[in-house]
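Protein chains in written order, with the working numbering: chain S, 121 to 252; chain G, 121 to 252.
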DNA sequence: CATATATTTGCATCAATGTTGCAAAAGTAA
DNA sequence: TTACTTTTGCAACATTGATGCAAATATATG
């Protein structure tokens with residue numbers, strides 16, 4: 121865990137390790153409020169900046185679930201300095217409200233005659249395995 | 121224009137028509153700030169609720185461009201009561217910052233062995249035709 | 001056309017979230 | 001241990017989303 125942070129050029133402070141541990145406790149993407157309730161006392165701004173630096177360093181990525189709410193999930197390998205490289209789609213179960221990173225779905229290829237598509241994200245909705 | 125609103129069961133008030141006209145002036149998706157600067161005086165809450173009712177009625181749809189900013193664009197046919205049916209991807213040009221609804225890109229099909237995918241959205245990034 | 005009804009607007013007020021500046025604290029390297 | 005850089009915690013502020021309510025407006029009905 122410390123290694124992970126240092127490999128991204130982030131100092132391994134107790135607070136950051138605590139937040140990282142919370143991510144590790146959950147299988148799927150989590151909301152800010154989940155992190156907040158897992159933490160005992162914490163400074164709101166510090167947490168906000170922690171998440172921000174995690175995103176910038178490529179430790180976690182942000183997922184826009186519906187129109188409004190957002191969640192966060194640990195990155196896989198290969199994410200660095202805001203250049204997130206995710207070979208998975210994000211799936212939101214409309215029953216249990218869980219948000220999954222699905223690397224079992226093959227990413228399609230997109231082509232446009234005149235536009236150059238350098239990257240794209242896919243957010244899917246539906247019903248997950250256990251709710252099915 | 122009045123017909124459009126009434127077909128969605130929205131009353132055709134002057135303010136709503138004014139906002140709709142602004143959408144008509146722009147080819148691509150626009151930000152809230154663009155609407156605000158086009159309007160002379162306006163009430164912030166009323167505009168907020170106008171956009172909200174447009175989205176709920178299927179007149180416009182919301183586009184999440186990057187992690188943060190959002191834009192709005194007129195819906196095509198077939199969007200009703202929050203059941204937006206868009207057969208296009210959203211493309212954000214990293215040069216000119218314009219956001220396009222690209223119906224020239226074929227929507228791929230997604231499959232998962234155990235999850236039921238009912239709908240999905242695609243946000244792409246890259247360089248648009250005129251910036252290319 | 002006038003009126004009754006339902007919706008919309010404008011205003012006040014509030015909540016949640018994101019942001020900045022700065023001094024103290026803590027981590028890192030020499 | 002010291003010097004330097006980053007992070008934290010606090011205050012203060014900006015932006016955005018949301019609700020309640022009375023006045024204004026739109027629509028339907030007689």
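No residue lacks a Cβ here, since even glycine has one placed at the ideal position from N, Cα and C.
- Message: Going by DSSP, what residue range makes up the beta strand (DSSP E) through residue 123 of chain G?
- Response: Taking the first residue of the second chain as position 1, residue 123 of chain G is located at position 3. Here residue 123 of chain G belongs to no beta strand (DSSP E); instead the alpha helix (DSSP H) covers 122-127.
- Residues within the region 166-185 of chain S neighbouring chain G, beta-carbon criterion of under 7 Å: 182, 184
- Query: Sorted by chain position, which residues of the same chain lie with C-beta nearer than 6 Å to residue 194 of chain S's C-beta, five sequence neighbours on each side aside?
  - Reply: Counted from its first residue, the first chain places residue 194 of chain S at position 74. 143, 180.
- Message: Taking a contact to mean a Cβ-Cβ separation below 8 Å, would you say residue 196 of chain S touches residue 240 of chain G in this structure?
- Response: Within the first chain, residue 196 of chain S is the residue found at index 76, counting from 1. Within the second chain, residue 240 of chain G is the residue found at index 120, counting from 1. Contact: no.
- Query: Are residue 166 of chain G and residue 191 of chain G closer than 8 Å when you measure CB to CB?
  - Reply: Walking along the second chain from the start, residue 166 of chain G turns up at place 46. Walking along the second chain from the start, residue 191 of chain G turns up at place 71. Not a contact, by the Cβ cut-off of 8 Å.
- Task: Examine chain G for any beta-carbon lying closer than 8 Å to the beta-carbon of residue 147 of chain S, and answer yes or no.
- Result: Along the first chain, one-based indexing puts residue 147 of chain S at 27. Residue 147 of chain S is outside the set of residues whose beta carbon lies under 8 Å from a beta carbon in chain G.
- Contact check, residue 177 of chain S vs residue 130 of chain S under 8 Å by CB: the rounded distance? Mapped onto the first chain, residue 177 of chain S falls at position 57. Mapped onto the first chain, residue 130 of chain S falls at position 10. Distance from residue 177 of chain S to residue 130 of chain S at the Cβ level is roughly 5 Å; contact confirmed, criterion being Cβ atoms closer than 8 Å.
- Query: Can you name the residues of chain G whose CB is closer than 9 Å to the CB of residue 211 of chain S?
  - Reply: The residue you call residue 211 of chain S lines up with position 91 of the first chain. Residues of chain G passing the Cβ test: 232, 235, 237, 240.
- Under the rule that 16 or more other beta-carbon atoms within 10 Å means buried, what is residue 136 of chain G, buried or exposed? Taking the second chain and counting its residues from 1, the one referred to as residue 136 of chain G is at position 16. Answer is buried; the Cβ neighbour count reaches 16.
- Residues bridged to residue 194 of chain S by DSSP? Indexing the first chain from 1 puts residue 194 of chain S at position 74. Answer by DSSP bridge pairing, in chain order: S:180.
- Please report how far the alpha carbon of residue 251 of chain S lies from the alpha carbon of residue 209 of chain G, in whole angstroms. Here residue 251 of chain S refers to the residue found at position 131 of the first chain. Here residue 209 of chain G refers to the residue found at position 89 of the second chain. Each residue's Cα considered, the two are about 28 Å apart.
- Query: With a CB to CB cut of under 7 Å and the five nearest residues on each side skipped, what residues in its chain are close to residue 126 of chain S?
  - Reply: Taking the first chain and counting its residues from 1, the one referred to as residue 126 of chain S is at position 6. Within the same chain, residue 126 of chain S has close Cβ partners 132.
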